[in-house]
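First comes the structure, then the notes that go with it.
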Amino acid sequence: MTVAQEQPITYAKMKGIVTFLSALLKGKKAGFSDFLHKVVSGQQLCQHLDTQKLLRRHSKLRKQREESATLSSANTETSQMRPSDFDYLKVIGQGSFGKVLLARHRKQGDYYAVKVLQKQMIIKRREQKHVMVERNVLLKGLQHPFLVGLHFSFQTPSALYFVLDYVNGGELFYHLQKDGSFPEPRAAFYAAEMAAALGYLHSLHIVYRDLKPENILLDRDGHVMITDFGLCKEGVAIDGIMLTICGTPEYLAPEVLKGHPYSPAVDWWGLGVVLFEMICGLVSLGEISHSLLFIA
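Sequential numbering from 1 applies to the sequence shown in the UniProt record's numbering.
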């Protein structure tokens, strides 16, 4: 008996969704907030056959995360895990506090991105709060196809280890540098997936606050996965107010730059900037232009 294998859903194959999003993007009467609302809640998009295939495609990933979670402690680290449980293949990322390694679990054979943070460097830079925020957000067990998820976490006397989804399609930033800009349908496709991920975080009362091409990865099928939750703010209602100035200046909303109170809507501003860059190309700001961002 021959079993038909479902083909992966790629950007090129999702013509129906892309056409739908492109039509929304080109609408002259609807504002950007209306566009986002339609993308996230439109029944036409949610009921589309290719959308349903996409959701089924990610069900395997969700199941894998749930199986990993059963090995984890309810409140803290996965105490059973240790660095020696993995074979470390190569460095795939470098950060301020450590590096990200491609690793293979010795027993399961699965591949992961292992984020290794050096405690001494975290303390030296007084970044304990941001690291703990990222840990807390990841430990919530995020179940969304467009967010990087946590499988295990553990620590040694010198380092913290986050074992995350391995996303091998590269950063959106890399693809923008390589291609210069994207056709509108492709940009709308990515923007819709980012909007869905941000809306999911907001439903959990989490504000992301650092959306930029460097924090957006593409998986092997070309779908968006947002990573790096260190600047998130937890426990924020939909009409909640925040005061901390954080993020990357080029992507910050005006009220944040001016030091005014701001709401979760700042994530939608960041999405708008990223969407602009996807269509028009990355904006290179010199020192003078950069300083002008902070002029009220």
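Glycine residues also receive a C-beta, built at the ideal position from the N, C-alpha and C atoms.
Being a predicted model, the structure only gives us computed values, none of them experimental.
Pull up the DSSP beta-bridge partners for residue i, would you.
i: residue 333; result: This structure gives no information on residue 333, because the portion of the chain shown stretches from 1 to 296.
i: Lys233; result: Val207
i: Ala197; result: DSSP lists no partner for Ala197.
i: Gly93; result: Val100
i: Glu171; result: Leu217
i: Ile226; result: Leu147, Ile216
i: Leu252; result: DSSP output for Leu252 lists no bridge partner at all.
i: Leu257; result: Looking at the DSSP assignment, Leu257 forms no beta bridge with any residue, so it has no partner.
Quick one: Cα of residue i to Cα of residue j, how far?
i: Asp179; j: Ala187; result: 12 angstroms
i: Asp219; j: Gln177; result: 18 angstroms
i: Gly259; j: Leu252; result: 11 angstroms
i: Ala195; j: Gly270; result: 11 angstroms
i: Ser203; j: Met81; result: 31 angstroms
i: Pro249; j: Glu171; result: 19 angstroms
i: Tyr88; j: Ile245; result: 37 angstroms
i: Trp268; j: Glu277; result: 14 angstroms
i: Arg106; j: Ser96; result: 28 angstroms
i: Leu102; j: Lys115; result: 9 angstroms
i: Arg135; j: His151; result: 12 angstroms
i: Leu275; j: Pro213; result: 10 angstroms
i: Phe189; j: Gln128; result: 36 angstroms
i: Leu257; j: Gly272; result: 16 angstroms
i: Pro185; j: Leu201; result: 25 angstroms
i: Tyr112; j: Leu139; result: 16 angstroms
i: Ala197; j: Val266; result: 14 angstroms
i: Asp110; j: Gly247; result: 33 angstroms
i: Lys90; j: Pro183; result: 33 angstroms
i: Val133; j: Gly199; result: 19 angstroms
i: His130; j: His175; result: 28 angstroms
i: Arg125; j: Leu217; result: 26 angstroms
i: Ala69; j: Ser153; result: Here the model assigns Ala69 a pLDDT of 45, short of 50, so the residue's position is not dependable, and the following value carries that caveat. Near 10 angstroms, if we compare the C-alpha coordinates of Ser153 and Ala69.
Reducing DSSP to helix, strand and coil, say where residue i ends up.
i: Glu184; result: helix
i: Leu104; result: Contrary to the premise, residue 104 reads as Arg rather than Leu in this sequence. If DSSP states are grouped into helix, strand and coil, Arg104 belongs with the strands.
i: Gln143; result: coil
i: Lys212; result: coil
i: Val207; result: strand
i: Tyr111; result: strand
i: Tyr166; result: coil
i: Val40; result: Its pLDDT being 48, under 50, Val40 is placed unreliably in this model, and the coordinates cannot settle the point.
i: Glu277; result: helix
i: Val283; result: coil
i: Asp85; result: helix
i: Gln155; result: strand
i: Leu160; result: strand
Can you find a CB in chain D that lies within less than 9 angstroms of the CB of residue i?
i: Glu171; result: Structure shown: chain D not included; a single protein chain is present.
Keeping to the same chain, check which residues put their C-beta closer than 8 angstroms to that of residue i; ignore five residues upstream and five downstream.
i: Cys280; result: Ser181
i: Pro261; result: Ile241, Met242, Leu243, Glu255
i: Ile123; result: none
i: Val137; result: Ile206, Phe229, Cys232, Glu234
i: Met121; result: Ser96, Phe97, Gly98
Just to confirm my understanding: we take residue i, look at its own chain, exclude 5 residues before and 5 after, and list those with CB closer than 6 angstroms. What are they?
i: Asp228; result: Asn215
i: Ala191; result: Leu275
i: Phe173; result: Pro213, Glu214
Go through its chain and collect everything with a Cβ distance to residue i's Cβ below 7 angstroms, but skip five positions before and after it.
i: Gln118; result: Phe97, Gly98, Ser158, Ala159
i: Phe86; result: Ala103, Arg104, His105, Arg106, Val114
i: Ser263; result: Asp239, Gly240, Ile241
i: Pro83; result: Thr156, Tyr161
i: Val283; result: Glu250, Glu277
i: Gly93; result: Lys99, Val100
i: Glu193; result: Phe146, His223, Val224
Inter-stretch contact (C-beta, 8 angstroms, three-pair minimum) for the stretch 135 to 149 and the stretch 217 to 224: Verdict: yes, contact present.
Touching or not, the stretch 201 to 211 and the stretch 160 to 169, by the rule of three or more beta carbon pairs under 8 angstroms? As far as the Cβ criterion goes, the stretch 201 to 211 does not touch the stretch 160 to 169, which means the pair count is below three.
* Asked: Should the stretch 150 to 164 be regarded as contacting the stretch 234 to 254, the criterion being three or more beta carbon pairs within less than 8 angstroms?
  -> Between the stretch 150 to 164 and the stretch 234 to 254, the count of Cβ pairs shorter than 8 angstroms is below three; the stretches do not touch.
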